[in-house]
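Below: one structure, written as structure tokens.
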Amino acid sequence: MSRLMGLAILTLGLVMSLTACDQEPMANQPKYETYEAAPEWPDNQSARDPVAGTVPRDAPVELSVSDTLPMPLTRELLERGQAQFNIYCSPCHARTGYGNGMIVQRGFPSPPSLHNDRLRNAPLRHFYDVITDGYGVMYSYADRVPPHDRWAIAAYIQALQLSQYARFEDLTKEQRAKLPQQDSTATETTTSAGGPPMTRPLVPIIGLVALAICVIGAFYDWTAFLRSWLVASLTWGRCRWVPLPY
Ligand code: HEC
Numbered sequence: 483m484s485r486l487m488g489l490a491i492l493t494l495g496l497v498m499s500l501t502a503c504d505q506e507p508m509a510n511q512p513k514y515e516t517y518e519a520a521p522e523w524p525d526n527q528s529a530r531d532p533v534a535g536t537v538p539r540d541a542p543v544e545l546s547v548s549d550t551l552p553m554p555l556t557r558e559l560l561e562r563g564q565a566q567f568n569i570y571c572s573p574c575h576a577r578t579g580y581g582n583g584m585i586v587q588r589g590f591p592s593p594p595s596l597h598n599d600r601l602r603n604a605p606l607r608h609f610y611d612v613i614t615d616g617y618g619v620m621y622s623y624a625d626r627v628p629p630h631d632r633w634a635i636a637a638y639i640q641a642l643q644l645s646q647y648a649r650f651e652d653l654t655k656e657q658r659a660k661l662p663q664q665d666s667t668a669t670e671t672t673t674s675a676g677g678p679p680m681t682r683p684l685v686p687i688i689g690l691v692a693l694a695i696c697v698i699g700a701f702y703d704w705t706a707f708l709r710s711w712l713v714a715s716l717t718w719g720r721c722r723w724v725p726l727p728y
């Protein structure tokens, strides 16, 4: 039995050493070393030119980009641009384009206003390129915003710029007629959170009522006194900053 085992181990060892030997020719097959001469080619060089039309690995995907809007300027395109601008750009540039978006308010470097003279005169293509390649500390949005949306955003930015610099003379007669008339007699109003506008005198009245409840409450229960005092001071003292529940 042990003789059979010995034979088996011997055979296995033989097979393994044979297969190991088999590896040798694979590692050593005919090939050119870098820049080695190659008499098979007319120019005697092993380094061949890349095939015509070869694209480098890090080349931009689009080889030629139009300088002008490559699609018709429609309301739909601008609305798409607005939606994508609000999603991707407004966190920094703000929906208005003035550059004080939420991330900037939390410490990210402040972008320039899109309404400065240089950017107002920049060609449409500039906005497309900034989205594609990034600009300074702003990183590229090429992987999130496809080319069609880049044009839509670029077009929307120019509409946004126009919105801040529209001149009265540029409006048609009908558009001028639609402008709200300046009304100097309008009364000052304050708005409660999400609610209808509320005239100011109402606020002190509510504060006074709360104060009265507070004084009456103090006779019965001092915690009631504290609670109503809080309500009174919030409504009366800070009514302009605290959103009121009515
Ligand atoms: C995370 C913040 C951030 C977001 C999001 C962002 N930007 Fe910017 N952007 C910047 C900053 C910061 C600069 C200024 C970069 C600099 O000058 O180094 C800038 C600069 C720019 C400029 C001015 C380039 C110039 O010529 O001065 C344009 C145009 C612009 N961004 C467009 C966009 C658009 C379009 C989007 C949305 C697709 C976008 N940005 C999203 C932060 C952002």
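Using my numbering, the first residue of the sequence shown is number 483, and each one after it goes up by one.
Beta carbons: idealized from backbone N, C-alpha and C, even for Gly.
- Between PRO593 and LEU601 a beta carbon distance of about 10 Å is seen, past the 8 Å cut, so the two are scored as non-contacting.
- Taking GLY589 as reference, the option from CYS574, TYR580, LEU494, HIS597 with the minimal CA-CA separation is CYS574.
- Separation of the CB atoms of TRP633 and LEU690 is rounded to 59 Å, and the pair is thereby denied contact status at 8 Å.
- For ILE613, the uninterrupted alpha helix (DSSP H) run begins and ends at 606-615, by DSSP.
- Rounded to whole angstroms, the separation of the alpha carbons of SER622 and VAL612 is 7 Å.
- Secondary structure at ALA576: coil, using DSSP grouped into helix, strand and coil.
- LEU596 is classed as buried because its beta carbon has at least 16 other beta carbons within 10 Å across all chains shown.
- Annotation for GLY535: no alpha helix (DSSP H) segment contains it, and DSSP assigns it neither H nor E.
- Counting only the Cα atoms, TYR514 lies some 12 Å from ASN526.
- Positions of the alpha helix (DSSP H) runs, each at least 4 residues long and wholly inside the segment 545-603, are given as 557-566, 572-575, 584-587, 599-602 in order along the chain.
- Straight through space, the alpha carbons of SER548 and GLN643 are spaced by roughly 22 Å.
- Excluding residues up to 5 positions away in sequence, THR614 lie with their Cβ nearer than 6 Å to the Cβ of ALA624 in the same chain.
- In this structure, the CA atom of ASN568 is about 58 Å from the CA atom of TRP523.
- From the listed residues LEU489, GLN640, ARG626, the smallest Cα separation to LEU555 is found for GLN640.
- DSSP, reduced to helix, strand and coil, places GLN511 outside both helices and strands of the structure shown, so it counts as coil.
- Residue pairing from DSSP places ALA519 in a beta bridge opposite GLN527.
- Counted as a single uninterrupted DSSP element, the alpha helix (DSSP H) harbouring PRO629 occupies residues 629-647.
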